[in-house]
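There are 2 protein chains.
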Amino acid sequence: MSAEERRESAVRAAVTEFARGGYKGTSTESIARRVGVSQPYLFRLFPNKQALFLAAAERCLEDTRGVFARASEGLEGEEALHAMAAAYQRYVIDEPDMFQMQMQMYAATAVAEVDGDTEFGERLRAGWLRMWEDVHLVLGADVDETTTFLAYGMLANTLASLGFPAGHRVWSGFYLSARPVS
Amino acid sequence: MSAEERRESAVRAAVTEFARGGYKGTSTESIARRVGVSQPYLFRLFPNKQALFLAAAERCLEDTRGVFARASEGLEGEEALHAMAAAYQRYVIDEPDMFQMQMQMYAATAVAEVDGDTEFGERLRAGWLRMWEDVHLVLGADVDETTTFLAYGMLANTLASLGFPAGHRVWSGFYLSARPVS
DNA sequence: ATAGTTAGTGATTGAGCAATAACTTTCTCT
DNA sequence: AGAGAAAGTTATTGCTCAATCACTAACTAT
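The listed protein sequences correspond, in order, to chains A and B.
Counting with the UniProt record's numbering, you get residues 1 to 182 for the letters of the first sequence.
Counting with the UniProt record's numbering, you get residues 1 to 182 for the letters of the second sequence.
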């Protein structure tokens, strides 16, 4: 297998492992195991653990953008909004690793920032902004709509992280299409 | 100093340290240093590291509730909403440790849940729900208003975690009173 | 065929860290 | 005064983990 293909597998494995264990709580060993490769070899593919996390985080943002893009294809305004909300709901249910990776990424960015590591944050802000721009465009360049949509998304991530079960009162203020299946 | 007083200091120190380093990324040593006490003594005050984190997380939620309660005193509806938004803004600026602790808590809860640790999540859901109920009551028991208010709060936490500076476009869809100072 | 490159491994190192055990100091109450 | 409790310490253990080093196997192009 080519190094490039391995890197791809590694990123995927990293998303899963980091999502479940967090940055510090995940060993490079566990990622290597999931890839099916020796732990030291990961360090041939990525210069260090942080670079691997960054790649996983960026992948996660790109995937989310992809979900929105596919859901909103050919739609606009209110229709696009509901389609994206519904798609994100399914996405979160089908691949819980993805939104958990998001949460781990927000937490890790804050830590990196405290450590004086600016590049980490910059890369992730850029990725997040691309998502923002996508949504903004789809929602007719309406800033308020964009903000509200993303706000609901973040609250959903939070409630899901905390493990509030589907059907709990805290979900009752969501569009039906944005609630977990009840 | 009495054990109870020390415990109080420890919780405060834990909020700061965990907020900046995350759960796994923070050593009990660093917390002990901040308290001004030896590392092993922390284990007299708390059974283990997780219990200390839990206490810090619960404190953080209680503090946030307090901010909302004080801001909305004597107000209701729209007025209360804006007062709370403004107060939360100041709070996040004055004490960034607090919202960062929130993010660390969401990330850590997801990890605990994966590890099959149910009690951790239960305690934090209970704390979060108390906050939800408070806001709900103040906003005239309007579920949609409550959800929207908290959604904006969560988006604000996220953007702040990512380090988007005041004045950035991503903040432009917020109530003026909920934006970081520009 | 063989030189060079690319993919991959095993062994190790050095640091950091939660938790325990065994001990000491400082109050406090009669 | 002095016994008991409460507050606090030093030393240590046993583990985990990122990263490096030195090495091997397989492919590829002349």
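Beta carbons are placed, not taken as given, at the ideal position from N, Cα and C, and that holds for glycine.
All of these numbers come straight from a predicted model, not from anything done at the bench.
Could you give the distance in angstroms between the alpha-carbon of Gln104/A and the alpha-carbon of Leu129/A? The sequence position of residue 104/A within the first sequence is 104, counting from 1. The sequence position of residue 129/A within the first sequence is 129, counting from 1. Cα to Cα, the separation comes out at about 18 angstroms.
With 7 angstroms set as the bound, which would you pick, yes or no: does the beta-carbon of Leu162/A sit closer than that to a beta-carbon of chain B? For the purposes of this step, residue 162/A is taken as the residue at position 162 of the first sequence. Answer yes: the Cβ-Cβ gap between Leu162/A and chain B drops below 7 angstroms somewhere.
Using the three-state DSSP reduction, which class does Ser182/B fall into: helix, strand or coil? Against the second sequence, residue 182/B aligns to sequence position 182. In this prediction, Ser182/B scores a pLDDT of 49, lower than 50, which makes its location untrustworthy; the coordinate-derived value is nonetheless stated afterwards. Here Ser182/B sits in coil by DSSP.
State the Cα-Cα distance for the pair Arg12/B and Met101/B, rounded to the nearest angstrom. Here residue 12/B refers to the residue found at position 12 of the second sequence. Here residue 101/B refers to the residue found at position 101 of the second sequence. Distance between the alpha carbons of Arg12/B and Met101/B: 11 angstroms.
Under 7 angstroms by beta carbon: chain B residues contacting Lys24/A: The residue given as residue 24/A occupies position 24 in the first sequence. Simply Gly22, Lys24 and Gly25.
Excluding sequence positions up to five away, which residues of its chain have a Cβ less than 7 angstroms from the Cβ of Asp63/B? As a working mapping, residue 63/B is identified with position 63 in the second sequence. Excluding five sequence positions before and after Asp63/B, the CB atoms of its chain that fall closer than 7 angstroms to its own CB belong to Met98, given in chain order.
Quick check: is the beta carbon of Gly77/A nearer than 7 angstroms to any beta carbon in chain B? Here residue 77/A is taken as the residue at index 77 of the first sequence, counted from 1. Output row for Gly77/A: interface = no.
Kindly indicate if chain B contains any beta-carbon less than 7 angstroms away from that of Leu139/A. Taking the first sequence and counting its residues from 1, one reaches residue 139/A at position 139. Judged by the 7 angstroms Cβ criterion, Leu139/A is not in contact with chain B.
Neighbourhood of Trp132/B by C-beta distance below 8 angstroms, restricted to the same chain and skipping five residues each side: In the second sequence, counting from the first residue as 1, residue 132/B sits at position 132. Here the set comprises Thr146 and Leu150.
So His136/A is in the alpha helix (DSSP H); what residue range does that whole segment cover? By 1-based counting over the first sequence, the position of residue 136/A is 136. It spans Thr118 to Val138 - the alpha helix (DSSP H) in which His136/A sits, taken as one unbroken run.
Have a look at Glu76/B, Gly127/B, Phe164/B and Arg20/B and flag the residue whose alpha-carbon is nearest the alpha-carbon of Ala57/B. The residue you call residue 57/B lines up with position 57 of the second sequence. Checking every option, the nearest Cα to that of Ala57/B belongs to Gly127/B.
Would you report the Cα separation of Val92/A and Arg59/A, rounded to the nearest angstrom? For this step, residue 92/A is matched to residue 92 along the first sequence. For this step, residue 59/A is matched to residue 59 along the first sequence. Spanning the two alpha carbons is a distance of roughly 15 angstroms.
7 angstroms Cβ cutoff, Asp144/A in contact with chain B: Counting from one through the first sequence, the residue named residue 144/A turns up at place 144. So, interface residue.
Closest to Ala156/B by CA distance: which of Ser172/B, Glu29/B, Leu137/B and Gly22/B is it? By 1-based counting over the second sequence, the position of residue 156/B is 156. Of Ser172/B, Glu29/B, Leu137/B and Gly22/B, the residue nearest in Cα terms is Ser172/B.
Comparing alpha-carbon positions, which option in Leu61/A, Gly21/A, Ala14/A and Gly74/A lies nearest Val138/A? The residue labelled residue 138/A in the question sits at position 138 within the first sequence. Measuring from the Cα of Val138/A, the nearest candidate turns out to be Gly74/A.
7 angstroms Cβ cutoff, Val170/B in contact with chain A: As a working mapping, residue 170/B is identified with position 170 in the second sequence. It does; some Cβ of chain A falls within 7 angstroms.
Check whether the segment 3 to 17 of chain A touches the segment 36 to 55 of chain A, counting contact only when three or more Cβ pairs, one atom from each stretch, lie closer than 8 angstroms. yes
Mind checking if Arg12/B is an interface residue toward chain A, Cβ cutoff 7 angstroms exclusive? The residue given as residue 12/B occupies position 12 in the second sequence. Between Arg12/B and chain A, the shortest Cβ-Cβ separation is not below 7 angstroms.
Minimum Cβ-Cβ distance from Met84/B to chain A less than 7 angstroms: Your numbering for residue 84/B matches position 84 in the second sequence. It does not: the Cβ of Met84/B has no partner Cβ on chain A nearer than 7 angstroms.
Check this for me: beta carbons of Lys49/B and Lys24/A, under 7 angstroms apart or not? The sequence position of residue 49/B within the second sequence is 49, counting from 1. The sequence position of residue 24/A within the first sequence is 24, counting from 1. Cβ distance not < 7 angstroms, so Lys49/B and Lys24/A don't count as in contact.
Helix, strand or coil: how does DSSP classify Pro40/B here? Sequence index remark: in the second sequence, residue 40/B carries index 40 (1-based). Correct three-state label for Pro40/B: helix.
At a CB-CB cut-off below 7 angstroms, which residues of chain B make contact with Gly121/A? As a working note, residue 121/A is residue 121 in the first sequence. The answer, in chain order, is Leu162 and Gly163.
For Phe149/A, the three-state DSSP class (helix, strand or coil): For this step, residue 149/A is matched to residue 149 along the first sequence. Note: Phe149/A maps to helix in three-state DSSP.
Out of Gly116/B, Val135/B and Gly21/B, which one is the CA nearest neighbour of Glu76/B? Mapped onto the second sequence, residue 76/B falls at position 76. Nearest to Glu76/B by alpha-carbon distance, out of Gly116/B, Val135/B and Gly21/B, is Val135/B.
As assigned by DSSP and simplified to three states, the class of Pro47/B: Sequence index remark: in the second sequence, residue 47/B carries index 47 (1-based). Reduced to three states, the DSSP call for Pro47/B is coil.
Nearest chain A C-beta to Met154/B closer than 7 angstroms, yes or no? The residue you call residue 154/B lines up with position 154 of the second sequence. At least one chain A Cβ lies under 7 angstroms of Met154/B.
For Ala83/B, the nearest candidate out of Val67/B, Pro96/B and Asp142/B (CA to CA): Along the second sequence, read from residue 1 onward, the residue named residue 83/B stands at position 83. That would be Val67/B, whose Cα lies nearest to the Cα of Ala83/B.
Output, in chain order, the set of chain A residues within a Cβ distance shorter than 8 angstroms of Met103/B. For the purposes of this step, residue 103/B is identified with residue 103 of the second sequence, where counting begins at 1. What Met103/B touches in chain A: Met103, Tyr106, Ala107 and Ala110.
Using C-beta distances below 8 angstroms, list every residue in its chain close to Ser38/A, excluding the 5 sequence neighbours before and after it, in chain order. Position 38 of the first sequence holds residue 38/A. Same-chain partners within the cutoff: Ala32.
CA nearest to the CA of Val35/B, picked from Ser27/B, Ala10/B, Val15/B and Ala80/B: Here residue 35/B refers to the residue found at position 35 when the second sequence is read from its first residue. Closest option to Val35/B, Cα to Cα, is Ala10/B.
Check whether Gly22/B and Ala107/A have beta carbons under 7 angstroms apart: Taking the first residue of the second sequence as position 1, residue 22/B is located at position 22. Taking the first residue of the first sequence as position 1, residue 107/A is located at position 107. A contact, by the Cβ cut-off of 7 angstroms.
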